[in-house]
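Comments concern the structure below.
In this note's numbering, the protein residues as written are 13 to 706.
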């Protein structure tokens, strides 16, 4: 629970506050005092009479009632202090800096649970333990530095790690990013990242509150809660970016399908962020750069003008923007000629607009004005301006400050001379601006923002899906597993076809049989050529269990005889051979997240290229299209070199149908449809495997 006593206490006591500002107890007192806290600050220290100019109490029993307590003492003492303060001093909020709890030992976990029980008994809020504290515009209850500039429209930052929060603040401060609050949740047993988002969502004031939220997450304990409140905040006008640490966990743990080999807990995180509309970042620099971009007017298009006095950075930015799906269009025509005439000879205006190292601050302003008023196809302006050694940067940055305030198009200042022009950059930032010192990092962050879809609406597409039929099949098969004494197993091909039929997913004509004559008769009915596949082994290709382009009964008979000799073979499947682009759809059940649905190019490419997109079931059509469009191989799906593209609408429909089916069948732990064959008219499933667990 988050309460008023935690956010805006009228009185604070620091248990363990000291005069030594090089230790947490002294540093936290210093920061509260330097933050001009307006309430009453009390200190408890049994060995000191005065702490940093404040009279100290030797015993917590001596203090008057106090709303917020900050504990900076050994873990073993914390439960008794919490009980005393909550019971006798009406303390209803606690920040426990101390470590040595459940994050370290079982005994520490017992101490932590006792604190949680006391807080629950007295309806008290708890931040920590094992954190750096809480920083907001009321009180600076952290023991670390830097303390960033605070204002209501600054960033709300929530971190699962105290040390990482400090490093992220370091990265942010030098960019000029300002903050509204910093939350270090520590062990997060009572108040976690999801709880802070819930509070911000339920108490959001669009006129007063910050609209930028940055997250550093080490563990998502409640994905549904995070998804719900992140979606709500973004729909209310907020923008959210996050790092999820621990993305390298192997997804190939005892995997027996393509999906199992590719999907991982990180796939679930990727899918969750996509569904919520959260911009995913992978480094401190990327997170703080995205945060800075969020403070500027939102991009309304993808076309950039680059104004620079150094050719190299302009070229690097052009390359990086183009790689990320943004454009640096050529600028030409009468207005371009007019601009060129106003600059020094040798200047270039085709884009990047190079005003030369000898260009003046006036030239900088003129170039920005033309991008703002005369080049209609330009949506944003990137300005690269460092130390040329020939002009005064103070004057140039004054011009840049003025233009940023005047322009309706967003202006991205790239001021790389952090060392040689430190005072000039600092003065520019002090006016409330941000700085992107590296143009490629900026372009990477911009492309990540532009590729993040808006939050998905919680819709379930039920049309054309046979949920009662699905339930009967799952009930029958799980009972079979129980009867056979199995916990999990792959379904027989005919059962797989039943389930895919329930989803309305078209299937290639096929027959599975142990009879050679039956299979030959089937091939005669559907017409040659056909494909033969062994039934039994998991990876058919690896054991020589696939034969393509069979055109005669004699060839089919030979392949049947060969395949039935393969180890673990139980039957042979014959399918009508179709042509088309090979696609892949799969899904894997992740604990707490639900089913993660994957799509991409099929056949061997799914394992070799691993070019897949992930989404969290159930999926909307917009989500499915977003997944398809984000594939690196999307150009292949659209059609290249005169070849027709696939039926994208049909592919998206199958993704949505499968995701809805899985929403009602948590017993399906893995599903692999690989390949689907796609052409301009239809998409048809050729091979599929389904793993169920009772």
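C-beta atoms are modelled at their ideal positions from N, C-alpha and C, and glycine is treated no differently.
Test item: CB-CB of residue i and residue j under 8 Å
i	j	result
residue 197	residue 143	yes
residue 124	residue 104	no
residue 257	residue 290	no
residue 592	residue 610	no
residue 83	residue 66	no
residue 90	residue 139	no
residue 426	residue 452	no
residue 542	residue 586	yes
residue 424	residue 457	no
residue 531	residue 475	no
residue 43	residue 191	no
residue 184	residue 303	yes
Residues near residue i in its chain [Cβ-Cβ closer than 6 Å; skip 5 each side]
i	result
residue 13	137
residue 440	409
residue 111	142
residue 130	94, 95 and 98
residue 279	608 and 626
residue 148	193
residue 248	216
residue 37	28, 29, 30 and 84
Identified DSSP bridge partners for residue i
i	result
residue 80	24 and 105
residue 598	610 and 684
residue 627	609
residue 320	366 and 396
residue 66	63
residue 170	195 and 227
residue 315	339
residue 425	395
residue 523	586
residue 153	146
residue 292	254
residue 545	558 and 585
residue 137	105
Nearest neighbour of residue i, chosen from the options [CA to CA]
i	options	result
residue 286	252, 314, 315 and 146	252
residue 101	85, 88 and 76	76
residue 387	370, 371, 358 and 349	349
residue 678	653, 704 and 656	704
residue 485	540, 506 and 469	506
residue 16	513, 345, 552 and 215	215
residue 478	490, 471 and 510	510
residue 11	167, 193 and 698	Residue numbering for the chain in the displayed model covers 13 to 706; residue 11 lies beyond these limits and cannot be assessed.
residue 8	663, 566, 662 and 551	This structure cannot settle anything about residue 8, because the visible part of the chain is limited to 13 through 706.
residue 544	590, 513 and 503	590
residue 121	135, 106 and 88	88
residue 240	653, 207 and 588	207
residue 343	39, 361, 575 and 482	361
Beta-carbon contacts of residue i that lie in its chain and below 7 Å, excluding the five residues immediately before and after
i	result
residue 272	Below a pLDDT of 50, predicted positions are generally treated as unreliable, and residue 272, at 46, falls in that range; the measurement from the model is reported next regardless. The answer, listed in chain order, is 600 and 682.
residue 436	405, 406 and 409
residue 51	21, 22, 23 and 24
residue 268	Residue placement at residue 268 is poorly supported in this model, since its pLDDT is 41, which falls under 50; the coordinates are not used for a value here.
residue 265	Confidence at residue 265 is low in this model, with a pLDDT of 40, below 50, so its placement is unreliable and no value can be given for it.
Neighbourhood of residue i by C-beta distance below 8 Å, restricted to the same chain and skipping five residues each side
i	result
residue 337	314, 459, 462 and 463
residue 1	Residue numbering for the chain in the displayed model covers 13 to 706; residue 1 lies beyond these limits and cannot be assessed.
residue 93	27, 72, 81, 83 and 85
residue 659	690, 691, 692, 693, 694 and 695
residue 270	Only weak support exists for where residue 270 lies, its pLDDT of 42 falling under 50; the coordinates are left without a value.
residue 96	72 and 73
residue 582	526, 547 and 548
residue 254	226, 227, 228, 229, 285, 290, 291, 292, 293 and 299
residue 533	none
residue 623	612, 613, 617, 643, 644 and 645
residue 378	351, 354 and 355
is_contact[residue i, chain D] using C-beta, thresh 8 Å
i	result
residue 322	The chain labelled as chain D is not found in the depicted structure, where only one protein chain is given.
Three CB pairs or more closer than 8 Å across the segment 552-561 and the segment 594-606: no
contact_flag[the segment 221-236, the segment 18-32] where n(CB pairs < 8 Å) is 3 or more: no
Touching by the beta-carbon criterion (3+ pairs, under 8 Å), the segment 413-420 and the segment 292-305: no
Cβ contact check for the segment 304-323 and the segment 191-209: 3 or more pairs under 8 Å: no
Contact the segment 175-193 vs the segment 116-131: 3+ CB pairs below 8 Å: no
Touch test, the segment 475-494 against the segment 337-356, Cβ-Cβ under 8 Å, three pairs minimum: no
contact_flag[the segment 513-521, the segment 667-674] where n(CB pairs < 8 Å) is 3 or more: yes
Inter-stretch contact at 8 Å, needing at least 3 Cβ pairs: the segment 377-391 / the segment 350-368: yes
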